[in-house]
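This report concerns only the one structure given below.
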Amino acid sequence: MPLLSMTGEEIGRARIRDYFEAVWTLISLVPPGLVTTYGSIARFLNVSPRLVGRALKANPYPIIIPCHRVIRSDGGLGGYSRGGTQVKRRLLELEGVEFTVDGRVRREFIVDIKDLI
DNA sequence: CATCGAACCAACC
DNA sequence: GGTTGGTTCGATG
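Here is the structure:
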């Protein structure tokens, strides 16, 4: 659709969709055995961390896009819309990610997204 | 370290 | 219009 004929709201929506796609592209760069954080991606794309969470939730390719490799910056799991945090944790363990006794991902497995580009 | 509260910003009702 | 998220950060104990 020609930009000039779009309402402001439509332009805004298109921009957000681009952000979402950028998020999906970025996390597909995270290798198995490592995780990154919502905040890391948010800073990289200059959006709010909450927005990143929603981008992952709106993930159109559930299997292809590894949304389980994105966690909270304190090492906590965050959420996982496909199956819950238990599933998320099992997936990560399968890939070699290790957890502390209180259920957080060990620091050494968390990388900043900008270091993967 | 743990907890608290404010800020983030679009989607949803 | 208010509430709600797959959150974060700084301040405070």
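Residue numbers for the first sequence follow numbering that gives the first Met the number 0, so the first one is 0 and each next one is one higher.
Virtual Cβ for every residue (Gly too), placed ideally from N, Cα, C.
Residues near residue i in its chain [Cβ-Cβ closer than 8 Å; skip 5 each side]
i   : result
S27 : I63, I64, P65
Boundaries (first-last residue) of the alpha helix (DSSP H) holding residue i
i   : result
P48 : 48-56
Whether residue i touches residue j by CB criterion (9 Å)
i   : j    : result
V69 : V34  : yes
L93 : V29  : no
G74 : I40  : no
L44 : A21  : yes
V96 : G52  : no
L50 : I112 : no
Proximity test, residue i beta-carbon vs the ligand NAD heavy atom, cut-off 8 Å
i   : result
G82 : By its list of ligands, the structure shown contains no ligand whatsoever, and the ligand NAD lies outside what it can speak to.
Beta-carbon proximity list for residue i, same chain, < 6 Å, skipping 5 on both sides
i    : result
G102 : none
S72  : T36, G38
G77  : I70, R71
Cutoff 7 Å; reference residue i; Cβ partners in own chain excluding five residues on either side
i   : result
H67 : Y79, K87, L90, L91
N58 : W23, I64, C66
L3  : Note on L3: pLDDT 49, under 50, position unreliable in the model; the coordinate value appears next. Excluding sequence neighbours, L3 sits near nothing in its chain.
Starting from the N-terminal side, write out each stretch of the alpha helix (DSSP H) that is 4 residues or longer and does not extend beyond the stretch 26-112. 37-44, 48-56, 83-93
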